[in-house]
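Residue numbering for the sequence shown follows the numbering used here, beginning at 15 and increasing consecutively.
Written out below as structure tokens is the structure these notes cover.
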Amino acid sequence: MTREFAPGRLDVNGFAEAAATVSGNEPLQTYQRLSAEVAAPATDVSLRWQAEGARRDGPDGAPVPWLHLEAQTTVALVCQRCLTPVEVELKVDRWFRFAADEAIAAAEDEDSEEDVLVASRDFDLHALIEDELLMEIPVTPRHERCPEPVRLSAADPDFEAAEAARPNPFAVLGALRSRKPE
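Following this line, the structure appears as structure tokens:
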């Protein structure tokens, strides 16, 4: 008999013990925080993901639950050079080790290379997927080569015309001095 595992309420220990796999191909809109980052409404964008559970040795040699997460999507972000949409591929391929409680997870996370999370019977895998993809968004998304030349100057012809029409302040002072009675 195979067990069904729900990504929204994942029993981490049972998932790892069964060495189970869950996957999905969902609309990006179901991930609200990630959807808020895109340049335009992502109605036809999908997010593919897969999670595998495993039991592997922990730092003390005892078997602990692990989760391997792979997720991928392509989103349109705002290019920081030309301010037009740029397609950016977001990919996650990461292992997570689980600890029994928050104190153990915090202590082990400092000393380990992998991420250490708290095992629970109702772990929200969707939230983990969204968190990991949000962290993959580049700080300054931009095209390799912008589709249109980037205008790097802000010259305004009216500005220079106004500057030329304005009298020199020293000439005004000189005119005041010459009108002085002697």
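The beta carbon of each residue, even a glycine, is placed where N, CA and C say it ideally should be.
**Asked** Using 8 Å as the threshold, is the segment 62-71 in touch with the segment 35-47, meaning 3 or more CB pairs across them?
**Response** yes
**Request:** State the CB to CB distance for the pair Ile151 and Leu83, rounded to an integer number of angstroms; the pair is presumed to be in contact (CB under 8 Å).
**Result:** Rounded, the Cβ-Cβ distance is 17 Å, inconsistent with contact.
**Request:** Could you check the C-alpha separation between Glu124 and Val130 for me, to the nearest Å?
**Result:** 9 Å
**Request:** Taking Glu31 as part of the beta strand (DSSP E), name the residues at either end of that continuous run.
**Result:** No beta strand (DSSP E) contains Glu31, which is instead part of the alpha helix (DSSP H) from 26-31.
**Request:** Could you pull the start and end residues of the alpha helix (DSSP H) that Glu116 belongs to?
**Result:** 116-125
**Asked** Do the segment 97-104 and the segment 140-157 make contact, defined as three or more Cβ pairs closer than 8 Å?
**Response** yes
**Asked** In terms of residue numbering, what span does the beta strand (DSSP E) encompassing Asp71 cover?
**Response** 60-71
**Message:** With three or more C-beta pairs closer than 8 Å as the rule, is the segment 24-35 touching the segment 67-74?
**Reply:** yes
**Beta-carbon proximity list for Thr154, same chain, < 7 Å, skipping 5 on both sides** = Gln94
**Message:** Please determine whether the Cβ atom of Leu97 lies at a distance below 8 Å from any heavy atom of the ligand SAH.
**Reply:** Of ligands this structure carries none, so the ligand SAH is not represented either.
**Request:** Report all residues from its chain with a CB closer than 8 Å to the CB of Asp11; omit the five preceding and five following residues, and keep chain order.
**Result:** Residue coverage of the chain in this structure runs from 15 to 196, which leaves residue 11 outside it and unanswerable.
**Prompt:** Which of the three DSSP states, helix, strand or coil, is assigned to Ala53?
**Reply:** coil
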